[in-house]
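Chains A and B supply the protein sequences, listed in that same order.
Its first residue numbered 1, the first sequence is counted upward by one per residue in my numbering.
Its first residue numbered 325, the second sequence is counted upward by one per residue in my numbering.
Using N, Cα and C, we set each Cβ at its ideal position, and we do this for glycine too.
Predicted, not measured: the structure shown is a model, and the values here were computed from it.
The next block holds one structure in the form of structure tokens; read it before the comments.
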Amino acid sequence: MAAQVFAYIEHKNGVADDTALELVSAARNIFPDASPAAIVTGSGADLDAVCNDLAASYSEVWKFDNEALAYPNAEAIRKLLVAVLPAEAVVLVPHDTFGMDLAPGLSIKLNSVFVSDAAGFESLDGDNLKVIRQEYSGQVSTHLMANISAGAVINVRPGVFQPDESKSATGQVIDKSSEIGELTVGRRFLEVVEAEAGDVDITKEDILVSVGRGIEDQDNIEIAQELAEVVGGVVSCSRPIVDAKWLEKPRQVGTSGQTVKPKVYMALGISGSFQHLGGIKGNPFIVAVNKNPKAPIFQIADVGVVEDLLDFVPVLTEKIQEGK
Amino acid sequence: MEILVCVKRVPDTAENEIEINRDGSDIERDDLVYSVNEWDNYAVEEAIQIVDKVGGAVTVVSLGDEESEEVVRREMAMGAHNGILVTDDVFAGSDGKGIAAILKAVVEKGTYDLILTGAQADDGAGQIGGMLAAMLDMPYASVVNSIEVLNDSQLKVGREIEGGNQEMNEIALPCVLSIQTGINEPRYVGIRGIRKVASVDIPIWGASDLGLDPANVGESGAGVKRVDYFVPELGEGAEILEGSNEEIAEKLIDLLKAKGGIK
Ligand SMILES: Cc1cc2nc3c(=O)[nH]c(=O)nc-3n(C[C@H](O)[C@H](O)[C@H](O)COP(=O)(O)OP(=O)(O)OC[C@H]3O[C@@H](n4cnc5c(N)ncnc54)[C@H](O)[C@@H]3O)c2cc1C
Ligand SMILES: Cc1cc2nc3c(=O)[nH]c(=O)nc-3n(C[C@H](O)[C@H](O)[C@H](O)COP(=O)(O)OP(=O)(O)OC[C@H]3O[C@@H](n4cnc5c(N)ncnc54)[C@H](O)[C@@H]3O)c2cc1C
Chain A
1 MAAQVFAYIE HKNGVADDTA LELVSAARNI FPDASPAAIV TGSGADLDAV
51 CNDLAASYSE VWKFDNEALA YPNAEAIRKL LVAVLPAEAV VLVPHDTFGM
101 DLAPGLSIKL NSVFVSDAAG FESLDGDNLK VIRQEYSGQV STHLMANISA
151 GAVINVRPGV FQPDESKSAT GQVIDKSSEI GELTVGRRFL EVVEAEAGDV
201 DITKEDILVS VGRGIEDQDN IEIAQELAEV VGGVVSCSRP IVDAKWLEKP
251 RQVGTSGQTV KPKVYMALGI SGSFQHLGGI KGNPFIVAVN KNPKAPIFQI
301 ADVGVVEDLL DFVPVLTEKI QEGK
Chain B
325 MEILVCVKRV PDTAENEIEI NRDGSDIERD DLVYSVNEWD NYAVEEAIQI
375 VDKVGGAVTV VSLGDEESEE VVRREMAMGA HNGILVTDDV FAGSDGKGIA
425 AILKAVVEKG TYDLILTGAQ ADDGAGQIGG MLAAMLDMPY ASVVNSIEVL
475 NDSQLKVGRE IEGGNQEMNE IALPCVLSIQ TGINEPRYVG IRGIRKVASV
525 DIPIWGASDL GLDPANVGES GAGVKRVDYF VPELGEGAEI LEGSNEEIAE
575 KLIDLLKAKG GIK
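Structure representation (structure tokens):
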């Protein structure tokens with residue numbers, strides 16, 4: 001199998017994203033002998049800094065320097081990739097909001113298969129790559145067989161592959177900027193508006209009592225607030241609670257919310273989607289209360305309670321109060 | 325503005341525990357409660373709000389088995405003007421590209437200025453919108469959480485990126501957008517609303533209506549094939565506390581105290 005493997009590198013302010021080193025491991029998981037090449041687009045000194053760092057992890061670093069790439073516009077980058085990638089390339093992209101923007105359309109233009117949100121690779125038999133995915137927010141897993149004879153675009157779930165920290169490559173940075181063709185796009189980047197701060201900063205709290213859709217009703221949020229009060233923590237939540245406007249956005253934990261690093265995280269009625277878990281760092285002690293014993297949150301929690309939270313949490317609050 | 329919204333009928337994960345069927349070929353579908361994919365409701369609501377402002381019509385299309393008619397009708401009860409059901413046995417086993425190719429044929433059978441999908445569906449793939457845009461050679465923006473119509477040929481759209489930050493873009497029409505939850509508050513649909521559209525005619529299109537070659541869609545055209553469903557071998561997982569609620573609470577309090585979970 002002579003397919004060449006490429007990793008698309010996300011970076012910001014001159015520093016590569018955590019996924020940059022995870023994709024090295026992901027590539028080796030597919031092709032044990034792979035020496036994947038990194039693709040880095042951007043402009044100026046920040047780009048150079050990222051490329052130079054990556055040469056310790058990738059045998060080749062393809063650098064594309066252009067003003068028009070200063071902000072990663074998926075449409076422009078797609079055009080560029082279609083122009084420069086060899087036939088049958090296997091391209092790995094992080095499955096985040098940029099990967100969701102770029103990868104599905106890239107697979108169409110490269111005329112190769114697309115696999116979204118891969119959580120593991122089981123085997124490669126000829127051109128048949130057996131991939132592990134999760135569906136129904138992690139309640140079940142599935143094997144897909146992708147025919148990669150014409151190459152593939154694969155979005156890899158962030159955080160599942162161990163980053164390759166060995167820094168054992170003595171790679172070279174290859175400036176491919178002259179190969180950048182025209183980059184006219186139908187979607188023009190204007191600006192990034194930073195998320196607003198709220199009245200509480202959940203990123204600084206040691207104890208979080210976090211509620212998800214299992215809280216069922218806005219009025220029930222009080223139950224979590226009472227628990228938070230007796231344990232000396234604050235209430236945070238999953239995305240649907242913010243969508244329903246039951247709590248403010250700054251209280252949302254997850255990839256499109258806050259990244260928290262508490263000592264103790266209590267997940268009440270939260271299923272444990274990877275976008276939610278992506279916002280929990282620092283290996284806290286996790287308590288999950290969920291009435292579904294198969295909820296994926298139990299796979300990562302330290303302690304689980306399989307009960308209706310509306311019954312259980314008030315009892316817990318009362319017992320804590322009694323003991324004080 | 326003529327807007328097409330793609331909606332998928334999916335098992336409602338808030339209402340169901342998803343289990344695998346006996347031979348692992350599918351999830352156990354008996355007794356599942358189905359609904360419209362959560363993201364798609366936001367897309368339909370957004371389309372209705374745009375048309376309320378600038379005029380035009382909203383068409384919803386769902387691809388699936390005959391049961392998908394119920395989600396088309398539900399979205400029409402919300403206020404979508406037209407509905408289309410796309411169903412054909414030869415579509416079974418389609419991969420993402422197959423689904424996108426079928427939806428492309430639907431788009432080309434009409435004249436649309438804007439096509440909306442959800443950011444993701446039950447498979448969590450988030451693939452159809454981007455594929456469809458590339459197939460149609462239209463610009464695309466994913467995870468959109470705000471839309472402002474600038475003029476007949478341009479929109480200003482916000483994408484909700486990591487950390488809840490918002491990336492603002494100008495995008496040329498016609499285009500494809502995938503909609504993120506929270507962009508609006510989808511209106512409630514009552515029984516009366518459903519009843520109103522109960523007898524509205526919904527056209528049903530198959531492969532031949534869409535000029536599709538069965539060899540290119542469905543299982544035969546799929547480069548990605550589902551092998552099976554399985555339950556992963558779990559690591560240790562959580563220690564599950566057992567007993568009455570009072571007993572569990574007491575055990576949990578001891579653990580919390582030890583871990584600094586009670587100040
Ligand atoms: C680009 C993108 C970014 C995203 N970013 C985020 C993010 O930052 N944060 C985030 O949280 N999500 C995010 N999501 C959404 C994510 O995919 C999930 O949809 C979401 O996390 C689900 O929230 P939940 O666990 O509260 O709800 P559900 O998945 O619906 O889970 C509810 C759980 O509550 C349990 N339950 C129900 N009733 C009870 C009861 N009475 N007692 C006990 N348990 C009960 C159920 O068994 C279920 O497990 C993002 C999605 C996308 C596409
Ligand atoms: C029994 C079974 C067998 C399957 N076999 C395969 C297989 O062999 N290979 C494979 O790759 N996949 C297979 N699938 C998955 C199927 O192809 C997916 O439904 C498809 O990939 C699109 O859904 P998604 O969840 O990936 O869409 P996403 O890209 O996550 O959805 C995004 C948006 O696209 C739109 N959309 C998606 N699907 C539809 C639809 N049907 N109608 C209208 N709009 C839609 C909606 O707006 C949705 O919000 C199988 C599914 C089932 C149930």
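Cβ-based burial, residue i [other Cβ within 10 Å; buried from 16]
i	result
D175/A	exposed
I351/B	buried
Q504/B	buried
P527/B	exposed
L474/B	exposed
F554/B	exposed
V115/A	buried
K332/B	buried
Interface flag, residue i vs chain B, CB-CB below 8 Å
i	result
G257/A	yes
I9/A	no
M1/A	Caution applies to M1/A, whose pLDDT of 46 falls short of 50 and renders its modelled position unreliable; the value that the coordinates give is listed next. It does not: the Cβ of M1/A has no partner Cβ on chain B nearer than 8 Å.
K109/A	yes
I207/A	yes
E194/A	yes
T97/A	yes
D217/A	no
L105/A	Position check: residue 105/A holds Gly in this sequence, whereas Leu was assumed. Closer than 8 Å to some Cβ of chain B, the Cβ of G105/A qualifies, so yes.
K204/A	no
Distance cut-off 7 Å: residue i Cβ against heavy atoms of ligand 2
i	result
S544/B	no
S386/B	yes
S123/A	no
N406/B	no
C51/A	no
S466/B	no
heavy atom of ligand 1 below 7 Å from residue i C-beta
i	result
Q299/A	no
L102/A	no
P510/B	no
L501/B	no
H95/A	no
T259/A	no
S271/A	yes
K245/A	no
E343/B	no
R239/A	yes
N73/A	no
K63/A	no
N292/A	yes
D335/A	This structure cannot settle anything about residue 335/A, because the visible part of chain A is limited to 1 through 324.
Min CB distance residue i to chain A below 8 Å
i	result
Q373/B	no
I485/B	yes
K421/B	yes
R550/B	yes
T441/B	no
E491/B	yes
V555/B	yes
D476/B	no
M400/B	no
Point to revise | Uninterrupted alpha helix (DSSP H) stretches inside the stretch 328–396 of chain B (no shorter than 4 residues) | key: If we require 4 residues or more, the alpha helix (DSSP H) runs fully inside the stretch 328–396 of chain B come out as 362–378.
Check your understanding: Quick check: the stretch 273–286 of chain A against the stretch 532–544 of chain B, are there 3 or more CB pairs under 8 Å?
Key -> Judged by Cβ distances under 8 Å, the stretch 273–286 of chain A makes no contact with the stretch 532–544 of chain B, as fewer than three pairs qualify.
Check your understanding: What runs of the beta strand (DSSP E), each 3 residues or longer, lie entirely inside the stretch 531–571 of chain B?
Key -> For secondary structure counted as the beta strand (DSSP E) over 3 or more consecutive residues, the stretch 531–571 of chain B holds these complete runs in sequence order: 548–554.
Point to revise | In chain order, each beta strand (DSSP E) run of at least 3 residues that lies wholly inside the stretch 207–249 of chain A | key: Within the stretch 207–249 of chain A, the runs of beta strand (DSSP E) that reach at least 3 residues and sit entirely inside it are, in chain order, 207–211 and 234–237.
Practice item. Spell out a yes or no on whether the stretch 251–261 of chain A and the stretch 198–215 of chain A are touching, meaning 3 or more CB-CB pairs, one atom from each, closer than 8 Å. Key: With three or more CB-CB distances shorter than 8 Å, the stretch 251–261 of chain A counts as touching the stretch 198–215 of chain A.
Practice item. Could you name each continuous alpha helix (DSSP H) segment of 4 residues or more that falls completely within the stretch 415–472 of chain B, going from the start of the chain to the end? Key: List check, alpha helix (DSSP H) in window: 420–432 and 452–460.
Check your understanding: Unbroken alpha helix (DSSP H) runs of length 4 or more, entirely within the stretch 243–308 of chain A: which are they?
Key -> Complete alpha helix (DSSP H) runs here, min 4: 274–277 and 297–300.
Review point. Using 8 Å as the Cβ pair cut-off and three pairs as the minimum, do the stretch 441–452 of chain B and the stretch 129–137 of chain A touch?
Key: Taking 8 Å as the limit for Cβ pairs, the verdict is that the stretch 129–137 of chain A does touch the stretch 441–452 of chain B.
Practice item. Report the residue ranges of all alpha helix (DSSP H) runs contained in full by the stretch 86–144 of chain A; include only those spanning at least 4 residues, in chain order. Key: Here the runs fully enclosed are 97–110.
Review point. Between the stretch 180–194 of chain A and the stretch 236–251 of chain A, do at least 3 Cβ pairs fall closer than 8 Å?
Key: The way I'd put it, the stretch 180–194 of chain A doesn't touch the stretch 236–251 of chain A; fewer than three beta-carbon pairs between them come closer than 8 Å.
Practice item. Determine contact between the stretch 376–389 of chain B and the stretch 402–411 of chain B, defined as no fewer than three beta-carbon pairs at a distance below 8 Å. Key: Enough Cβ pairs lie closer than 8 Å, so yes.
Check your understanding: Do the stretch 523–537 of chain B and the stretch 348–366 of chain B touch if we need at least three Cβ pairs shorter than 8 Å?
Key -> Note that the stretch 523–537 of chain B does not touch the stretch 348–366 of chain B; fewer than 3 beta-carbon pairs, one per stretch, sit closer than 8 Å.
**Study point:** Three-pair Cβ contact test at 8 Å for the stretch 457–464 of chain B versus the stretch 485–505 of chain B
**Key:** With the cut-off at 8 Å, the stretch 457–464 of chain B and the stretch 485–505 of chain B touch.
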